[in-house]
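Here the structure comes first, spelled out in structure tokens, and everything after it is commentary.
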Ligand SMILES: [Zn+2]
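In the numbering used here, the protein residues as written are 39 to 319.
Written out as structure tokens, the structure is:
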């Protein structure tokens, strides 16, 4: 069974989000473990998290958490420490809710330094977050959309950063299809090559989730604007999604929508359509 789902709000708590996923007949979902606009550490409701974990186990629903927007793996000075504490907190909440991991974007290029300095800082931050981490939830690094001067758009960078960390076993990946298309990692027509390369690099073996998004702008423009999968003005075509979704290297992954909910189709309807169109493999 393909694990289609979507991003959901926790306004009704962690259990509330899980119940909503169930009501959508989703087998996966994503949530913000806390306020998405801040890096503050949250003292969360342990009972609610445990109830969420049990509910998901009972209904075979799997989840991932997503870090707040200000989280940057290449933050410097004071902000770096705040990011580390926030990420540790995200991991704890994800673990309590029974989630596979916490999605965090690859860092961005430092203004002051080059690529190597940016990678070094990212590795330092990842090491600091994972030091002493005993849980099974992992940090899931997401590929970047690839605006000019960006880093984190290639499978080589993603797998190399993981290898260079002290605890690679606590790091996995999340592939965003819109970002991959925007950065020309996935052109829409090179999936077979990408799958083969990703397997050789050990990328797909560590991949836990796909952010299933269409792209509002043409391939390679570096623009991170999501569109609905089907019947939308998105530039990724249906047969291209089909090839990706049915790819053997992704059969274990969660497919989580981060698509607009206000463009004529709700997430619930979109999940239903995905199942109908792409089937249960
Ligand atoms: Zn994403």
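The C-beta atom is built at its ideal place from N, Cα and C for all residues, glycine as well.
Length-filtered (4 minimum) alpha helix (DSSP H) runs lying within the stretch 54-120
84-97
Would the beta-carbon of residue 82 fall within 9 Å of that of residue 134?
Translated into the one-based positions of the chain shown, residue 82 becomes position 44. Translated into the one-based positions of the chain shown, residue 134 becomes position 96. Yes, Cβ-Cβ distance for residue 82 and residue 134 is below 9 Å.
Inter-stretch contact at 8 Å, needing at least 3 Cβ pairs: the stretch 202-218 / the stretch 252-267
For the pair of segments examined, the stretch 202-218 was found to touch the stretch 252-267: the number of CB pairs separated by less than 8 Å reaches three.
State the start and end residues of the unbroken beta strand (DSSP E) segment that holds residue 45.
One-based indexing of the chain shown puts residue 45 at position 7. Going by DSSP, residue 45 is part of the beta strand (DSSP E) stretching over 41-45.
Could you have a look at residue 222 and say whether DSSP puts it in helix, strand or coil?
Numbered from its first residue, the chain shown carries residue 222 at position 184. Residue state, collapsed to three classes: coil.
Can you check which of these residues, 39, 59, 51 and 53, is closest to residue 45 by C-alpha distance?
Start at 1 with the first residue of the chain shown, and residue 45 comes out as number 7. Among 39, 59, 51 and 53, the Cα nearest to that of residue 45 is on 59.
Just to confirm the assignment, what range does the beta strand (DSSP E) spanning residue 246 have?
For the purposes of this step, residue 246 is taken as the residue at position 208 of the chain shown. Run containing residue 246: 245-250, per the beta strand (DSSP E) assignment.
Classification of residue 317 by the beta-carbon crowding that lies within 10 angstroms, buried from 16 upward
Indexing the chain shown from 1 puts residue 317 at position 279. Classification for residue 317: exposed.
4 or more residues per run - each alpha helix (DSSP H) lying fully within the stretch 165-224:
193-202 and 215-220
Three-state secondary structure (DSSP) at residue 293?
Position 255 of the chain shown, counted from the start, is the residue given in the question as residue 293. The answer is strand: DSSP assigns residue 293 an E or B state.
Please tell me whether residue 94 and residue 136 are closer than 9 Å, where the distance is taken between their beta carbons.
Start at 1 with the first residue of the chain shown, and residue 94 comes out as number 56. Start at 1 with the first residue of the chain shown, and residue 136 comes out as number 98. Contact: yes.
Secondary structure at residue 141, three-state DSSP: helix, strand or coil?
Start at 1 with the first residue of the chain shown, and residue 141 comes out as number 103. In the structure shown, residue 141 sits in a strand (DSSP, three-state: E or B).
Here's the rule I'm using: 16 or more other beta-carbon atoms within 10 Å means buried, otherwise exposed. How should residue 227 be labelled?
As a working mapping, residue 227 is identified with position 189 in the chain shown. With fewer than 16 other Cβ atoms within 10 Å, it is exposed.
Within this structure, are the beta carbons of residue 102 and residue 52 separated by less than 9 Å?
On the chain shown, position 64 is the one that residue 102 refers to. On the chain shown, position 14 is the one that residue 52 refers to. The answer is no: Cβ separation not under 9 Å.
List the residues that DSSP assigns as beta-bridge partners of residue 264.
Taking the first residue of the chain shown as position 1, residue 264 is located at position 226. The partner list for residue 264 (beta bridge, DSSP) reads 253.
Any chance the stretch 247-258 sits against the stretch 228-238, with 3 or more Cβ pairs inside 8 Å?
no
Should residue 111 and residue 142 be called a contact, given that it needs their Cβ atoms to be closer than 9 Å?
Position 73 of the chain shown, counted from the first residue, corresponds to residue 111. Position 104 of the chain shown, counted from the first residue, corresponds to residue 142. Yes, Cβ-Cβ distance for residue 111 and residue 142 is below 9 Å.
Of the residues 98, 222 and 289, which one's Cα is nearest the Cα of residue 274?
Counting from one through the chain shown, the residue named residue 274 turns up at place 236. It is 222 whose Cα lies nearest to the Cα of residue 274.
Cβ-Cβ separation, residue 139 to residue 72 (assumed contact under 8 Å), whole Å
Position 34 of the chain shown, counting from 1, holds the residue named residue 72. Position 101 of the chain shown, counting from 1, holds the residue named residue 139. In fact, because the Cβ distance is near 16 Å, the residues do not count as touching under 8 Å.
Short of 7 Å in beta carbon distance, which residues of its chain neighbour residue 268, apart from the five on each side in sequence? Order them along the chain.
The residue given as residue 268 occupies position 230 in the chain shown. Hits under 7 Å: 276, 311 and 315.
Among 157, 204, 202 and 163, which residue has its Cα nearest to the Cα of residue 188?
The residue given as residue 188 occupies position 150 in the chain shown. Ranking 157, 204, 202 and 163 by Cα distance to residue 188 puts 157 first.
What are the boundary residues of the alpha helix (DSSP H) that includes residue 231?
For the purposes of this step, residue 231 is taken as residue 193 along the chain shown, with counting starting at 1. Note, residue 231: alpha helix (DSSP H), 229-239.
Verify whether the separation of the beta carbon atoms of residue 180 and residue 144 is less than 9 Å.
The residue given as residue 180 occupies position 142 in the chain shown. The residue given as residue 144 occupies position 106 in the chain shown. Yes, these two residues count as a Cβ contact at 9 Å.
How about residue 299: is its C-beta nearer than 9 Å to some C-beta of chain B?
The displayed structure is made up of one protein chain only, and chain B is not part of it.
So residue 288 and residue 295 are in contact, right, with Cβ under 8 Å, and what is the actual spacing, rounded?
Translated into the one-based positions of the chain shown, residue 288 becomes position 250. Translated into the one-based positions of the chain shown, residue 295 becomes position 257. Going by Cβ atoms, the distance from residue 288 to residue 295 rounds to 15 Å, so no, they are not a contact pair.
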